[in-house]
Amino acid sequence: MEKILYEQDFVIWIESTVEKLKAGNFSELDLEHLIDEVESLGKRDRRELKSRLITLFEHLLKRHYVPMPNCYRGWEVTIRRTQSKLKDLLADSPSLGNLLEEIYLDCYREAVANMCIEYDVEFPQEYPFLNTSKGLLEEVKLND
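For the sequence shown, the residue numbers in the working numbering are 19 to 162.
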């Protein structure tokens, strides 16, 4: 029954699963789907970290290398918001800090590739920003 419910109405399946967990009715759980969903939570956070890093790098690159002063303010707002969301994500899941260390250079390279498509500007292929990934979450000094 639970497996059918999962396919038909995910929200009701979640509510039913939570009730069973709270009541300790573990034998009635749809373990296959529950395991899938719990695994997907970690994957979701990792995808969010990567996506936000790429967004941060894209806007840092635009702000530092694209000569469009009328866009600076909007890019700066996005930089600050993205930094804030990254801090929140890392506060909720501190172990993602290790992943941040592992992926930030790859995310930078992806951001450069994206920006090269969007703008006819020479972007640095080597990482030009703060020395460590942790520095990405600090106040960024922006030149006019």
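Just so you know, even glycine gets a beta-carbon here, dropped at the ideal spot from N, CA and C.
Predicted, not measured: the structure shown is a model, and the values here were computed from it.
Item, Value
"Pairwise C-alpha distance: V84 and Y90", "9 Å"
"Beta carbon of L117 nearer than 7 Å to that of L108", "no"
"Selected residue, minimal CA-CA separation from R99, among L79, P87 and L74", "L74"
"Alpha helix (DSSP H) runs wholly inside the segment 30 to 94, at least 4 long, in chain order", "49 to 83"
"Alpha carbon of D27 to alpha carbon of L148, nearest angstrom", "47 Å"
"Beta-carbon spacing of W31, L23 below 7 Å", "yes"
"L67 classed as buried or exposed, judged by whether at least 16 other C-beta atoms fall within 10 angstroms", "buried"
"Three-state secondary structure (DSSP) of L155", "helix"
"K105 and L155 closer than 7 Å at C-beta", "yes"
"Residue interval of the alpha helix (DSSP H) (run including V139)", "Looking at the DSSP string, V139 is not in any alpha helix (DSSP H), and its letter there is neither H nor E."
"Distance between beta carbons of I121 and L71, contact taken as under 8 Å", "7 Å"
"C-alpha gap between S134 and V95, whole angstroms", "In the sequence as presented, Ser is not what sits at residue 134; that position holds Cys. So the two alpha carbons sit approximately 22 Å from each other."
"Pair within 7 Å by beta-carbon distance, F141 and L79", "yes"
"Residue range of the unbroken alpha helix (DSSP H) whose run includes Y145", "Taken as a continuous stretch (DSSP letters only), Y145 belongs to no alpha helix (DSSP H), as it is neither H nor E."
"Given E25 as reference, the closest of N43, D63 and E50 once Cα atoms are compared", "E50"
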